[in-house]
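Student:
Numbering (my numbering), first residue to last: 159 to 396.
As structure tokens, this is what we get:
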């Protein structure tokens, strides 16, 4: 059963990436000005299998609809292996393949080697999650670089009648060693991106945890960089 689920997830992801790449390679009839802003819908699905009490295997699939909700612009597939060092700290090495087409004349193929270090603790009735990602991004047609991301989330149990959920807010800061163009002033990107989000997390049943959120990304260097997002995240534990 597990192998079948993983196979279906991986095959579906590769088929979607192949379709998106074929669409992205269609030549644009007119010159394209890189947009500064784009409205997007993000969806991520994680399939989780417990190996034992302290180790999990995680399959990851991501599809993002952009160009003002018109077509897929970002497709990802990958896997990670989580080690729970204790009740507060988890480490998860992860590999992700990325196909990214932010606008018609820009196509990026990327491999990401990620180290995820996440700490969790409670303060009263509030839960704090501090996620730290170190990503080595290997691009097929450009120089490689490293990204550091720090995301702090605060959530709290709530209910409306019998409907139980956890509202949350989060903020994520990004720093990168990627080189700026001459037009951008040269040097490294440094601290260049911020994402702030708010949403709810709902345990649908013993297997499925669902998040629905609104997010705004501010980034003055990337194109598009400023991105309002409606997003979902589903985690299914076998």
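Quick reminder that beta carbons are idealized off the backbone N, C-alpha and C, glycines included.
Run the CB neighbour count on residue 196, radius 10 Å, all protein chains shown included, and call it buried at 16 or more, exposed below.
Tutor: Residue numbering aside, residue 196 sits at position 38 when the chain shown is read from its first letter. Per the 10 Å Cβ criterion, buried.
Student: Based on Cα-Cα distance, which residue from 282, 300, 274, 385 lies nearest to residue 290?
Tutor: On the chain shown, position 132 is the one that residue 290 refers to. In terms of Cα proximity to residue 290, the closest of 282, 300, 274, 385 is 274.
Student: In the DSSP assignment, find the unbroken beta strand (DSSP E) run with residue 233 in it and report its ends.
Tutor: Within the chain shown, numbered from 1, the residue matching residue 233 stands at position 75. It spans 229-242 - the beta strand (DSSP E) in which residue 233 sits, taken as one unbroken run.
Student: What does a CB cutoff of less than 8 Å around residue 340 pick up in its chain, not counting 5 residues either side in sequence?
Tutor: One-based indexing of the chain shown puts residue 340 at position 182. Confidence is the limiting factor: at residue 340 the pLDDT is only 49, short of 50, which leaves the residue's position unreliable and the question unanswerable from this model.
Student: In terms of DSSP beta bridges, what is residue 205 paired with?
Tutor: On the chain shown, position 47 is the one that residue 205 refers to. Answer is 217, 394, bridged to residue 205.
Student: Strictly by DSSP, which residues pair up with residue 195?
Tutor: Within the chain shown, residue 195 is the residue found at index 37, counting from 1. In the DSSP output, where bridge partners are listed per residue, residue 195 has 384.
Student: Expressed to the nearest angstrom, what Euclidean distance is found between the alpha-carbon atoms of residue 393 and residue 346?
Tutor: Here residue 393 refers to the residue found at position 235 of the chain shown. Here residue 346 refers to the residue found at position 188 of the chain shown. Answer to the nearest angstrom: the Cα atoms are 35 Å apart.
Student: Should residue 478 be labelled buried (16 or more other beta-carbon atoms within 10 Å of its own) or exposed?
Tutor: Shown here, the chain extends from 159 to 396; a query on residue 478 therefore has no answer.
Student: Can you tell me the Cα-Cα spacing of residue 370 and residue 205, whole angstroms?
Tutor: Along the chain shown, read from residue 1 onward, the residue named residue 370 stands at position 212. Along the chain shown, read from residue 1 onward, the residue named residue 205 stands at position 47. Roughly 17 Å between the two C-alpha positions.
Student: Can you check which of these residues, 350, 306, 244, is closest to residue 270 by C-alpha distance?
Tutor: Looking up residue 270 in the chain shown gives position 112. Residue 306 is the option with its Cα nearest to residue 270.
Student: Excluding the 5 residues preceding and the 5 following residue 220 in the sequence, name in chain order all residues of the same chain whose CB lies nearer than 6 Å to its CB.
Tutor: Numbered from 1 along the chain shown, position 62 holds the residue referred to as residue 220. 202, 234.
Student: Report the rounded CA-to-CA distance for residue 364 versus residue 263, giving the unit in angstroms.
Tutor: To locate residue 364, count along the chain shown from 1; it is residue 206. To locate residue 263, count along the chain shown from 1; it is residue 105. The alpha-carbon of residue 364 is positioned some 44 Å away from that of residue 263.
Student: How big is the Cα-Cα spacing for residue 375 and residue 228?
Tutor: To locate residue 375, count along the chain shown from 1; it is residue 217. To locate residue 228, count along the chain shown from 1; it is residue 70. In a straight line, the C-alpha of residue 375 is about 19 Å away from that of residue 228.
Student: What did DSSP end up calling residue 287 once you bin it into helix, strand or coil?
Tutor: Here the question's residue 287 lines up with position 129 in the chain shown. Correct three-state label for residue 287: strand.
Student: For residue 214, count neighbouring C-beta atoms within 10 Å of its own C-beta (all shown protein chains included) and say buried if the count is 16 or more, exposed if not.
Tutor: Locating residue 214 in the chain shown gives position 56, counting from the first residue. Counting Cβ neighbours within 10 Å, residue 214 comes out buried, since at least 16 surround it.
Student: Do the CB positions of residue 350 and residue 329 come within less than 8 Å of each other?
Tutor: Your numbering for residue 350 matches position 192 in the chain shown. Your numbering for residue 329 matches position 171 in the chain shown. Result no, Cβ atoms of residue 350 and residue 329 do not sit closer than 8 Å.
Student: Would you identify the three-state DSSP class for residue 308, choosing helix, strand or coil?
Tutor: Within the chain shown, residue 308 is the residue found at index 150, counting from 1. Three-state DSSP puts residue 308 in a strand.
Student: One question on the structure: do residue 241 and residue 249 come within less than 8 Å of each other, judged by their Cβ atoms?
Tutor: Mapped onto the chain shown, residue 241 falls at position 83. Mapped onto the chain shown, residue 249 falls at position 91. Contact flag set, yes.
Student: Look up residue 361 in the DSSP assignment and give the residues it is bridged to.
Tutor: Here the question's residue 361 lines up with position 203 in the chain shown. Residue 361 is bridged to 367.
Student: So if DSSP puts residue 253 in a beta bridge, which residue, or which two residues, is it bridged to?
Tutor: Position 95 of the chain shown, counting from 1, holds the residue named residue 253. Residue 253 is bridged by DSSP to 237, 271.
Student: As a quick exercise: from 353, 332, 194, pick the residue whose alpha carbon is nearest that of residue 398.
Tutor: Only positions 159 to 396 of the chain appear in the structure, and residue 398 is not among them; the question remains open.
Student: Would you identify the three-state DSSP class for residue 300, choosing helix, strand or coil?
Tutor: Along the chain shown, read from residue 1 onward, the residue named residue 300 stands at position 142. In this structure, residue 300 counts as coil in the three-state DSSP scheme.
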